[in-house]
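J.:
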Amino acid sequence: MSKHGHLDFIRQIVEDDIASGKHGGRVLTRFPPEPNGFLHIGHASAVCLNFGVAAEYGGRTTLRMDDTNPTTEDPDYVDAIARDIAWLGFEWEGGVRYASDYFGALYKLALQMIKDGLAYVDSLSETEIREYRGTVKEPSRPSPYRDRSIKENLDLFKKMRDGAFQDGEHVLRAKIDLAAPNMKMRDPLMYRIRHASHYRTGNTWPIYPFYDWAHGQSDGIEGITHSICTLEFQDNRELYDWFIEHTRPACAEIDAIPGAEGGGGSNLGSWNPRPRQYEFARRNLDYTVVSKRRLLELVREEHVAGWDDPRMPTIAGMRRRGIPAEAIRTFCGQIGVGKADNRISIETLDWAVREALNLRTPRVMGVLDPLRVVIENYPEGEVEWLKAPYFPQDVHDPPEGWPQTRKIPFSRTLYIECGDFSLQPPARFQRLTVGREVRLRHGYFVTCTDVIQDETGTVTEVRCTYDPDTREGSAPDGRKPSGTIHWVSADHSVSAQICLYDRLFSSPDPMAGVEDFSETLNPNSLEVLQGAQLEPSVVDDPPETTYQFERVGYFVRDQTTDSGAEVDTETNLVFTRTVALRDTWGKSSPGRHTSPKRDEKVEILPLVGVDSGFKEREKARASNPILKAAYDRFTADLKLTEDLADLLSNSEDSVTFYEDALATGVDSALLANWVIHEVRGVSDDNQTSALKPEALGALISLVEDHSISRAVAKTVLTQLVTSGGDPREIVEVEGLGRIADVEMIRNIVAQVVDEHPSEVKRFQEGQISLAGFFVGQVMKATSNRADPAMVKKIVEERLHAGT
RNA sequence: UGGCCCGUGGUGGAAUUGGCAACACGUCUGGCUCUGGACCAGAAGAUUCCAGGUUCGAAUCCUGGCGGGCCAACCA
1 MSKHGHLDFI
11 RQIVEDDIAS
21 GKHGGRVLTR
31 FPPEPNGFLH
41 IGHASAVCLN
51 FGVAAEYGGR
61 TTLRMDDTNP
71 TTEDPDYVDA
81 IARDIAWLGF
91 EWEGGVRYAS
101 DYFGALYKLA
111 LQMIKDGLAY
121 VDSLSETEIR
131 EYRGTVKEPS
141 RPSPYRDRSI
151 KENLDLFKKM
161 RDGAFQDGEH
171 VLRAKIDLAA
181 PNMKMRDPLM
191 YRIRHASHYR
201 TGNTWPIYPF
211 YDWAHGQSDG
221 IEGITHSICT
231 LEFQDNRELY
241 DWFIEHTRPA
251 CAEIDAIPGA
261 EGGGGSNLGS
271 WNPRPRQYEF
281 ARRNLDYTVV
291 SKRRLLELVR
301 EEHVAGWDDP
311 RMPTIAGMRR
321 RGIPAEAIRT
331 FCGQIGVGKA
341 DNRISIETLD
351 WAVREALNLR
361 TPRVMGVLDP
371 LRVVIENYPE
381 GEVEWLKAPY
391 FPQDVHDPPE
401 GWPQTRKIPF
411 SRTLYIECGD
421 FSLQPPARFQ
431 RLTVGREVRL
441 RHGYFVTCTD
451 VIQDETGTVT
461 EVRCTYDPDT
471 REGSAPDGRK
481 PSGTIHWVSA
491 DHSVSAQICL
501 YDRLFSSPDP
511 MAGVEDFSET
521 LNPNSLEVLQ
531 GAQLEPSVVD
541 DPPETTYQFE
551 RVGYFVRDQT
561 TDSGAEVDTE
571 TNLVFTRTVA
581 LRDTWGKSSP
591 GRHTSPKRDE
601 KVEILPLVGV
611 DSGFKEREKA
621 RASNPILKAA
631 YDRFTADLKL
641 TEDLADLLSN
651 SEDSVTFYED
661 ALATGVDSAL
671 LANWVIHEVR
681 GVSDDNQTSA
691 LKPEALGALI
701 SLVEDHSISR
711 AVAKTVLTQL
721 VTSGGDPREI
731 VEVEGLGRIA
741 DVEMIRNIVA
751 QVVDEHPSEV
761 KRFQEGQISL
771 AGFFVGQVMK
781 ATSNRADPAM
791 VKKIVEERLH
801 AGT
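According to this note's numbering, the first sequence is numbered sequentially starting from 1.
#1: Taking 8 Å as the threshold, find out whether the region 120-132 comes into contact with the region 227-241 through three or more Cβ pairs.
#2: Helix, strand or coil for tryptophan 87? Go by DSSP, reduced to three states.
#3: With distance defined between alpha-carbon atoms, name the residue in Pro70, Thr71, Val96 and Thr72 nearest to alanine 82.
#4: Look up phenylalanine 31 in the DSSP assignment and give the residues it is bridged to.
#5: Is it a yes or a no for the region 722-731 touching the region 751-761, going by three-plus beta-carbon pairs under 8 Å?
#6: Could you pull out every residue in the same chain whose Cβ sits closer than 8 Å to the Cβ of aspartate 667, ignoring the five residues on either side in sequence?
#7: Could you name the residues of the same chain whose beta carbon sits closer than 8 Å to that of glutamate 222, not counting the 5 residues immediately before and after it, in chain order?
#8: Comparing alpha-carbon positions, which option in Val712, Phe657, Ala713 and Leu670 lies nearest lysine 692?
#9: At the level of alpha carbons, what is the spacing between arginine 186 and leucine 172?
#10: Considering just the uninterrupted stretch of the beta strand (DSSP E) at threonine 405, what are its terminal residues?
#11: Let me confirm a value: alanine 164 is counted as buried when at least 16 other C-beta atoms fall within 10 Å, else exposed. Which label applies?
#12: Would threonine 470 and glutamate 376 be called neighbours here (beta carbons separated by less than 9 Å)?
#13: Check arginine 592 in the structure and name its three-state DSSP category.
#14: Can you give the beta carbon distance from leucine 627 to alanine 620, rounded, assuming they're within the 8 Å contact cut?
#15: For a quick check, are the C-beta atoms of lysine 22 and proline 273 less than 9 Å apart?
#16: Do the region 390-404 and the region 427-443 meet, that is, are 3 or more Cβ pairs less than 8 Å apart?
#17: When burial is assigned at 16 or more other CB atoms within 10 Å of the CB, is glutamate 417 buried or exposed?
#18: Taking C-alpha atoms, which residue in Ala179, Leu500, Met183 and Gly104 lies nearest to lysine 158?
#19: What does the alpha-carbon distance come out to for the pair arginine 192 and arginine 503?
#20: Determine the contact status of serine 493 and proline 536, defining contact as a CB-CB distance below 9 Å.
#21: Quick check on alanine 54: buried or exposed, where buried means 16 or more other Cβ atoms within 10 Å of its Cβ?
#22: How is isoleucine 676 classed by DSSP in three states: helix, strand or coil?
#23: Which residues in the same chain as histidine 577 place their Cβ atom closer than 6 Å to its Cβ, once the five residues preceding and following it in sequence are excluded?
#24: Please return the same chain residues whose Cβ sits closer than 6 Å to the Cβ of glycine 735, not counting the five positions on each side in sequence.
#25: What residues match up with histidine 226 in a beta bridge as DSSP calls it?
#26: Below 9 Å between beta carbons: does that hold for phenylalanine 331 and valine 304?
#27: With DSSP as the reference, label alanine 19 as helix, strand or coil.
#28: Could you have a look at glycine 553 and say whether DSSP puts it in helix, strand or coil?
#29: Could you tell me whether the region 455-462 touches the region 484-492, using the rule of 3 or more Cβ pairs below 8 Å?
#30: Return the first residue and the last residue of the beta strand (DSSP E) that glutamate 162 is part of.
#31: Buried or exposed: where does isoleucine 18 fall if 16 or more other Cβ atoms within 10 Å of its Cβ makes it buried?
#32: By the three-class DSSP mapping on this structure, what secondary structure does glycine 564 have?
#33: Quick check on the burial criterion: 16 or more other C-beta atoms within 10 angstroms. Buried or exposed for phenylalanine 9?
#34: Which first and last residues belong to the alpha helix (DSSP H) in which threonine 127 is found?
#35: Please confirm whether any heavy atom of the ligand GDP lies closer than 8 Å to the CB of isoleucine 18.
#36: Quick check on the DSSP output: what are the complete alpha helix (DSSP H) runs of length 4 or more inside the region 689-745, in order along the chain?
Listed below in structure tokens is the structure:
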């Protein structure tokens, strides 16, 4: 199933679920945007994850508008979101779904919760609820309304639904745990009263459900199997599960809801499938902000021209910028899925964009910053139409219907890029300078003979001669000029407005350490060039064509033109730069040759007495003479190290377990080591461990008398912890006895060495870390039964013998 | 004296569950080339947050510490 070399943790979970037959192998994910803003690059990775995972495992994905807050949501956003997802290349199951489709079901589910004594109507004010909630360190105080009768709650809630109360008079709360360390579990709110018109349900509901209540139940109703969201919802998972476990799906009358595939019986928590929530870390792109609030501010305060401004990290903005959907998908795949905080560098996006564009965009020539060139030996008034290919040889995938070539005019007066000429060229400059010959791309070789300067010394015109034998770029004598530059014919070129968009912020983390993002806003995020000159062929091309302007970058023709700048009145042509070409020239400067070293670590002073775990155990010993006595016995009689004695005497259970195992007659220190280092490693919950102290003692005596290897003992230990049993029997039945026969090991080593000639070579060339590799291979070949010390010795002998 | 989560080259991340610290972006060399692009070949860059411990062997197990993120909207 796995096409990739490795799986991210989400795919790993899905794959495991399928393997174990959960939900009958069914996979249904959902993408649940709130329609209160445009989708952005951060959403893109969630979209790619949800739709991608489902598609890869034969599943489906629903698109559900999480529209539970009537005051902020808008149908325009619904359309924009759906359009963006479709544009990204994904198809959702059935029609667009809405949480508001489930308001009726949610209401019935809530009614039943009240009947079950699991929810109550609270009549505290908003501020009172806040005050009663307590803090992370202090528990909540109970609302005086917390113990209303079921009858009263039912009555009040129905009146809330019927619109009998004003906004804020009452709320419905789940009755969970006021002292819960997880704040989300302190009687969370389920419904608020809001006499507001909802864009879909109009005025039919004066009460609206909150996210935690609506989201998980919507998942249950839709039959979602894997509910994937971002890290900040980790605390909400406990509540998500609680709601799923304390609702009776049959009450929702799910059959009546269009598209509902989930459901279940009338028992508490009988959802089938039972949805589970998983969280991944959102991706943070350098030099961008993505919070809805910030994005909205950028639009409202007119720092940008709209949600689809090419500088915006929105899907719509990137689309207008000329970034293809494929590039966004590639980018999302490239940055992966994880749980660690992260900061993606912008180069990764740029790379994905170039990767997508390189193999399919037609090449044309455009001069952004024109410098006049006169070819002195070219006849005045003459024009040649030269044949120029649209695609270099390595473009295998040109857009359908594009011709292979076009004609470009050549004449006596041309424009070249100002930066392609230099009076005092720096080292390694390969472009035009006085006395040097360069190739004009798809044109002739020209040699610079002279320049004309104005009174300030600025070059205003370059004088050249051309070699008539070099038409369309090659010389009969095979000579190669130092460089190739792009150009257009001055009389034939069309002028255009070019928008050079740069990053919106000048700081990689725009919100770090500032009050307001206007402090880090990049004032030069848009540069509008008016006098750019393009080859005339572009005029006849379809609108919104993406080109590569050779040697410059990728540009898309923009028809919308609300950049705020004056449109070129003559040709009405506007181009937006999607991304510049990768440019290795001029990039090298002192200090850029090596990667920056990691900052010197600040020396951390040794801390005294901050051993919180130790302190706790110390305290336990002070108040419990049994533990104190055990500790003393461990250190004095048994000569255990203080560390081991300390850890062993942390509870009476632990002490008893150790003493019981010791009674089998094994070495005290060896046993202590195993209890602390190995037993804890394999059993995360001692309560459920099937391991008996006698069994552990027996196991260790097998290690002690060299009947089995340590590695074998560890696998047996795992078995003992999960299913119990007698170690001697296990060893006997499964034939796990230790191999310490020198000849036998020597043979296995020889075999392993023969099977890995290249590793042997590398070892002998000095990569001695490979010794571990060989030991590992031998251990594997003997199912861990060999004596590792002996194996190591023989491996080293053998490997060194070969040198 | 709160709970939960997370620390692996500059960046994003692998490591098949204790056995060669992958891969990609970026950086640097060189080659090729009618784009200083693409492509090809190569290089540098890592005390796997730190300190102890267990082990023949630790990114992985144990103990302790440090650092970062999220949570106390009638937002989602």
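Just so it is clear, CB atoms sit at the ideal spot from N, CA and C, and this is done for glycine as well.
T.: The relevant details are as follows:
#1: Because the criterion of three Cβ pairs below 8 Å is not met, the region 120-132 and the region 227-241 do not touch.
#2: Helix.
#3: The residue from Pro70, Thr71, Val96 and Thr72 with its alpha-carbon nearest to that of alanine 82 is Val96.
#4: Paired residue(s): Leu63.
#5: Contact fails between the region 722-731 and the region 751-761, because fewer than three Cβ pairs, one in each stretch, are under 8 Å apart.
#6: Counting only Cβ-Cβ distances below 8 Å, and skipping sequence neighbours, we find Ile700 and Glu704.
#7: A distance below 8 Å between beta-carbons, with the five flanking residues on each side excluded, links glutamate 222 to the following residues of its chain, in chain order: Leu28, Arg30, Thr62, Arg64, Arg97, Gly259, Ala260, Glu261 and Gly262.
#8: Residue Phe657 is the option with its Cα nearest to lysine 692.
#9: So the alpha carbons of these two residues sit roughly 13 Å apart.
#10: Element bounds for threonine 405: 405-410.
#11: Exposed, because fewer than 16 other Cβ atoms sit within 10 Å of the Cβ of alanine 164.
#12: Cβ distance not < 9 Å, so threonine 470 and glutamate 376 don't count as in contact.
#13: Note that arginine 592 has pLDDT 32, beneath the 50 cutoff, so the model's placement of it is unreliable and the number below is only indicative. Assigned with DSSP and collapsed to three states, arginine 592 falls in coil, not helix or strand.
#14: Yes, they are in contact, since the Cβ atoms of leucine 627 and alanine 620 sit about 6 Å apart, within 8 Å.
#15: Closer than 9 Å, so yes.
#16: No: the two stretches stay apart, fewer than three of their Cβ pairs being nearer than 8 Å.
#17: When all chains shown are included, glutamate 417 counts as buried.
#18: Among Ala179, Leu500, Met183 and Gly104, the Cα nearest to that of lysine 158 belongs to Gly104.
#19: Each residue's alpha carbon lies about 41 Å from the other.
#20: Serine 493 is a Cβ neighbour of proline 536, given a cutoff of 9 Å.
#21: Alanine 54 counts as buried, since at least 16 other C-beta atoms from the protein chains shown sit within 10 angstroms of its C-beta.
#22: Isoleucine 676 carries a helical assignment under DSSP once its states are collapsed to helix, strand and coil.
#23: Here residue 577 turns out to be arginine, not histidine, going by the sequence shown. The beta carbon of arginine 577 sits closer than 6 Å to the beta carbons of Leu500, Gly553 and Phe555 from its chain, once the five residues preceding and following it are set aside; these are given in chain order.
#24: Correct list: empty, nothing qualifies.
#25: Note: histidine 226 sits in a beta bridge opposite Arg276.
#26: In this structure, valine 304 does not lie closer than 9 Å to phenylalanine 331 by Cβ.
#27: In the structure shown, alanine 19 adopts helical secondary structure according to DSSP, grouped into three states.
#28: In the three-state reduction of the DSSP assignment, glycine 553 falls in the strand class.
#29: Touching, no, given that fewer than three Cβ pairs across the two stretches are closer than 8 Å.
#30: Reading the sequence as shown, one finds aspartate at residue 162 and not glutamate. Looking at the DSSP string, aspartate 162 is not in any beta strand (DSSP E); the run it does join, the alpha helix (DSSP H), is 150-162.
#31: With 16 or more Cβ atoms within 10 Å of its Cβ, isoleucine 18 is classed as buried.
#32: Here glycine 564 scores only 47 on pLDDT, less than 50, and its place in the model is too uncertain to base an answer on.
#33: Here phenylalanine 9 is exposed, its C-beta having fewer than 16 other C-beta atoms within 10 Å.
#34: Segment 126-132, the alpha helix (DSSP H) holding threonine 127.
#35: With respect to the ligand GDP, the structure offers nothing, as it holds no ligand at all.
#36: You should have 693-704, 710-723 and 727-734.
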